[in-house]
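The opening position of the sequence shown corresponds to residue 607 in the working numbering, with each subsequent residue numbered one higher.
We put the CB at the ideal spot given by N, CA and C, even for glycine.
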Amino acid sequence: MKDQESIWRSLVSEPHSLAKLNKVMWRVANGLSEATGRRFNNDFPSVDRVPIAQVPVRAGGPEEKMVGVYLIIGGGLRGQALFILSMNGALNLADLMLGNQPGVSTQLGVIERSALSELGNMALSYFLNGVASLDNMPDLLRPSPPAVMVDMLGAILNVVLTPVAAVRDDLLIIETAFSDSAKLVDGRFWVLPDPALKDLAS
Numbered sequence: 607m608k609d610q611e612s613i614w615r616s617l618v619s620e621p622h623s624l625a626k627l628n629k630v631m632w633r634v635a636n637g638l639s640e641a642t643g644r645r646f647n648n649d650f651p652s653v654d655r656v657p658i659a660q661v662p663v664r665a666g667g668p669e670e671k672m673v674g675v676y677l678i679i680g681g682g683l684r685g686q687a688l689f690i691l692s693m694n695g696a697l698n699l700a701d702l703m704l705g706n707q708p709g710v711s712t713q714l715g716v717i718e719r720s721a722l723s724e725l726g727n728m729a730l731s732y733f734l735n736g737v738a739s740l741d742n743m744p745d746l747l748r749p750s751p752p753a754v755m756v757d758m759l760g761a762i763l764n765v766v767l768t769p770v771a772a773v774r775d776d777l778l779i780i781e782t783a784f785s786d787s788a789k790l791v792d793g794r795f796w797v798l799p800d801p802a803l804k805d806l807a808s
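(1) Consult DSSP for Lys629 and reduce its assignment to one of helix, strand or coil.
(2) Return the first residue and the last residue of the alpha helix (DSSP H) that Pro801 is part of.
(3) Between Met607 and Gly760, what straight-line distance do the alpha-carbon atoms span, to the nearest angstrom?
(4) Out of Gly643, Lys629 and Met631, which one is the CA nearest neighbour of Leu704?
(5) What is the DSSP secondary structure of Phe733, counted as helix, strand or coil?
(6) Helix, strand or coil, according to DSSP, for Val754 in the structure here?
(7) I'd like to confirm the pairing. Which residues does DSSP put opposite Asn647 in its beta bridges?
(8) According to DSSP, simplified to helix, strand and coil, what is Gln660?
(9) Taking the CB atoms as reference points, tell me whether Val797 and Val630 lie closer together than 7 Å.
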């Protein structure tokens, strides 16, 4: 069985890594489509090493109120994942998950947060299962229970950046964007390898 460094390296720094990631992200988009009954598409993924100080700028304005669905990756492949949505996008996505027409929900209550948690868990599970399938490792990965955060973007990102800043001054980000056919939901999906693996990509 491959170790986690070999698996991450195959996703971020080999000649066909982006094509491989695109196949995995397509599986995520297809899973979102099945869960919501609305067609989702993904942008071609990118892999970038970003200085920690620049991460909030990359994600948007640090003072902007956003919704983040955060998960920790455990098992044979360690890291973090974060789904970042605007407030309107999160409300619309919760409606789709609950079988409602977009626009019904006006706040993220317990039911809406639960729906977003389910979707975040589903998105990461599709990603992890896609990686496991491509690497012939069916029992590779286990996501943690999701945490739904509604806060300024800077505060949401602090949850991700704090464990990274303890060991390095930059962050390796695997990123794609997902949107539905009507553009009612437009979110960023980040997968962040274990920061202790220092030389996966330059």
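Quick look at the numbers:
(1) Looking at Lys629 - three-state DSSP - the assignment turns out to be helix.
(2) Where Pro801 is concerned, there is no enclosing alpha helix (DSSP H), given that its DSSP letter is neither H nor E.
(3) Summary for Met607: the model assigns pLDDT 48, below 50, so the residue's position carries little reliability; its value from the coordinates is reported in the next sentence. Near 38 Å, if we compare the C-alpha coordinates of Gly760 and Met607.
(4) Gly643
(5) helix
(6) strand
(7) Ser785
(8) helix
(9) no
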